[in-house]
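Inspection log for the structure reproduced underneath, given as structure tokens.
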Amino acid sequence: MNPIKTRAVPARTTATWQRVIAQIARFVVGVIFIFSGLIKINDPVGTQIKLTEYFEVFALDVPSMAGFFHGLIPYTLILSVFFCAAEVVLGVALLLSYRIRLTSWILLALIVFFTFLTFYSAYFNKVTDCGCFGDAIKLKPWTSFSKDIFLLVLILVIIWQRRVFRNLRTGFLVGLATVASVALGVYAIQHLPPLDLLPYAVGKSIPAQMQPSEPLRFAYVLTKDGKDYEFEKYPTDTTYKFKEMVLMNESAKPKITDYRVWNDEGDFTQATFEGNKLMLIIRDIHDLSIGDMPAIRKLMKGVEDNNVMPMILTSVSDEQINAFRHEYQLAVPVYKADATVLKTIVRSNPGLWLISNGVVRGKWHHTDTPAPETVLSLLPKK
């Protein structure tokens, strides 16, 4: 019997495929890092909120280092801009093959850090939304972890094959990306995110988003003889024991589930959807920026006489808000809302929010306080 002849794969062919895989990995990692970084640098306050949440969780879970984690909280906004801009810059540097050895090792360190965070979130069910892609794409904890593992593998491929990349003199472009990223973050902090991806954005209907987009469908998970069974309708067989209900059409859930407005007299949530409301939002009295209060007071007074109800929406105590109103002579009614909701409505403290019959017509950072005429021009004509 003649032996079966095998043909060896030429080393050149193997090397070619390795280069192709490495180039694909470089492109995919670079694009994902740029996209993720841009989405977050567009809203650094949102990332600041997420970092604060992580540090508070770590302080509770590791009491011996609680002081360290609490000490980082005042610097979360700076850290937010740094990490978000770093993602963009590293992605650009990778695509431009700028100092590929240094860039790939920094990427590895960063993805290891992110992988730890997402694993911690998924395994211990803490910080269930990692904020990997800001508010643009919501990922479940284990999905976020899987995404980081995928990126980790690709980055290891890049490091393994880094010699196939030509180091190009693209330092000027990388520097330009650095300046542009930081500038975008600073602009978003001093004004508002240029791209508002939150459910309280201009043009959104708040009542509509408080309703499911279609009837919610649930499956029933029951156990029998140590095994789990899933049913669309609850079984009549009493030998099954109920375990849980699972939502089948997750995407149909309401976009807004926690918007509620009240005062000592009762719930006023629905009342905020009636007519025109200009809300001065104050989520925290301690880091309140007061330099623009004269312009805000003039605005609130100017719209009051034009079929617009000015009001204060806050999460601070009655004593604090009443002292604030007295100091700045704001004779407008005060209503309460959850602090997290107020952070989501507007990334400014104070901030301004205009709604007409439940539809958002305007939103402003306190540094961009508009004239009464500007506010009135945004309302629907009768």
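In this text, residue positions in the sequence shown follow the working numbering: the first is 700, and each later residue adds one. C-beta atoms are modelled at their ideal positions from N, C-alpha and C, and glycine is treated no differently.
Asked, Found
"Is it right to say Tyr1034 is buried, meaning 16 or more other beta carbons lie within 10 angstroms of its own, or is it exposed?", "buried"
"Tell whether a beta-carbon distance below 9 angstroms holds between Lys749 and Gly874.", "no"
"Exposed or buried, which one is Trp1052 when buried takes at least 16 other CB atoms within 10 Å?", "buried"
"Taking a contact to mean a Cβ-Cβ separation below 9 angstroms, would you say Asp957 touches Thr1039 in this structure?", "yes"
"Pick out whichever of Val856, Ala835, Asp991, Ile772 has its Cα sitting closest to the Cα of Ile806.", "Note that residue 806 is Leu in the sequence shown, not Ile. The candidate whose alpha carbon is nearest that of Leu806 is Val856."
"I need the straight-line Cα distance from Met992 to His769, nearest angstrom please.", "31 angstroms"
"Looking at the secondary structure, which residues open and close the beta strand (DSSP E) in which Phe782 lies?", "Segment 775-794 is the alpha helix (DSSP H) holding Phe782; no beta strand (DSSP E) there."
"Based on Cα-Cα distance, which residue from Thr938, Gly965, Ser1047 lies nearest to Gly745?", "Ser1047"
"Which class does Met1083 belong to by DSSP, given the choice of helix, strand or coil?", "The chain is shown from 700 up to 1081; residue 1083 falls before or after that span and cannot be answered."
"Quick check: what's the CA-CA separation for Pro840 versus Leu998?", "43 angstroms"
"Specify the secondary structure class of Tyr1085 as computed by DSSP and reduced to three states.", "Outside the displayed range of the chain (700 to 1081) lies residue 1085, so it cannot be described from this structure."
"Once you ignore the five residues that flank Pro1079 on each side, which residues in its own chain have a CB closer than 7 angstroms to its CB?", "Ser1055"
"Could you tell me whether the segment 760-767 touches the segment 790-799, where touching means 3 or more Cβ pairs closer than 8 angstroms?", "no"
"Mind checking whether Ile1044 and Ile981 have CB atoms under 9 angstroms apart?", "no"
"Which same chain residues, not among the five before or five after Lys837, have their C-beta less than 8 angstroms away from its C-beta?", "Asp828"
"Which same chain residues, not among the five before or five after Ala758, have their C-beta less than 6 angstroms away from its C-beta?", "Ala765, Phe768, His769"
"Compare the beta carbon distance of Gly833 and Lys903 with 9 angstroms and say whether it is the shorter of the two.", "no"
"Whose C-beta lies closer than 6 angstroms to the C-beta of Glu786 among residues of the same chain, with five residues either side of it excluded?", "Phe732, Ser735, Gly736"
"Which of the three DSSP states, helix, strand or coil, is assigned to Asp1017?", "helix"
"Taking buried to mean at least 16 other C-beta atoms within 10 Å of its own C-beta, is Ile854 buried or exposed?", "buried"
"Looking only at its chain, what residues have a beta carbon closer than 7 angstroms to the beta carbon of His890, apart from the 5 residues adjacent to it on each side?", "His1064, Thr1066, Asp1067"
"For Arg725, count neighbouring C-beta atoms within 10 Å of its own C-beta (all shown protein chains included) and say buried if the count is 16 or more, exposed if not.", "buried"
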